[in-house]
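Residues in the sequence shown are numbered from 1 upward in steps of one, following full-length UniProt numbering.
All C-beta atoms in this analysis are idealised placements derived from N, C-alpha and C, irrespective of residue type, glycine included.
A quick note: this is a predicted structure, and the numbers were derived from the prediction, not measured.
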Amino acid sequence: MESIPRKSVLFICLGNICRSPTAEAVLQHLLSQSGKLSEWKVDSAAIADWNVGKTPDDRTMQILKKNGIRDYQHIARQVCGDDFRVFEYILGMDKENMSALEDLKPINSKAKLKLLGEFDPQKELIIKDPYVDGNPSGFENTYKQCVRSCKGFLDYCERN
1 MESIPRKSVL FICLGNICRS PTAEAVLQHL LSQSGKLSEW KVDSAAIADW NVGKTPDDRT
61 MQILKKNGIR DYQHIARQVC GDDFRVFEYI LGMDKENMSA LEDLKPINSK AKLKLLGEFD
121 PQKELIIKDP YVDGNPSGFE NTYKQCVRSC KGFLDYCERN
């Protein structure tokens with residue numbers, strides 16, 4: 001199995017086709033722009049298994065492309081026990097994600113479980129699911145929250 005890289009993060013949402021892939025793509029883009037992508041292991045996964053094997057929602061990909069992230073590719077997968085050993089941080093999008101992660105967390109886990117929104121300077125803790133939210137600007141809002149929160153997360157990691 002893989003060992004823990006110097007820095008690693010796994011983003012989690014319910015289905016791994018909207019929020020967590022957006023966060024993964026945003027963080028990879030930010031790290032690439034700063035020349036630090038090779039220092040990180042960045043991935044995303046789902047709590048539920050119904051989207052395993054699927055690509056991100058088309059609206060997710062449209063928002064990423066609109067914002068200059070054109071080379072992102074992802075196939076949805078479900079979080080597994082090894083993730084709690086491989087990743088230093090596992091960041092969920094909402095309280096339900098966090099509750100499920102706590103239930104799945106093995107006793108010997110070294111992963112730090114946090115809400116991605118904890119790193120948002122605007123203090124929006126919950127990143128709403130645009131797939132079920134019904135807000136026409138939901139995917140754009142998710143992207144903006146992920147950008148703010150991922151920048152905050154990187155700042156946090158630089159300080160700690």
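Item, Value
"Determine, using beta carbons only, whether Tyr143 and Ile17 come nearer to each other than 8 Å.", "no"
"Among the candidates Pro21, Ser8, Lys110 and Phe153, whose CA atom is the shortest distance from the CA of Asn51?", "Pro21"
"Which residues share a DSSP beta bridge with Gln78?", "Ala46"
"Where DSSP assigns a beta bridge to Leu14, which residues make up the other side?", "DSSP lists no partner for Leu14."
"So, is Asn24 buried or exposed, given that buried needs 16 or more other C-beta atoms within 10 angstroms?", "One detail in the question is off: residue 24 reads as Glu in this sequence, not Asn. That one is buried."
"In the DSSP assignment, what are the bridge partners of Tyr89?", "Val9 and Lys112"
"By alpha-carbon positions, which one of Tyr72, Gly68, Met98 and Asp71 ends up nearest to Val79?", "Met98"
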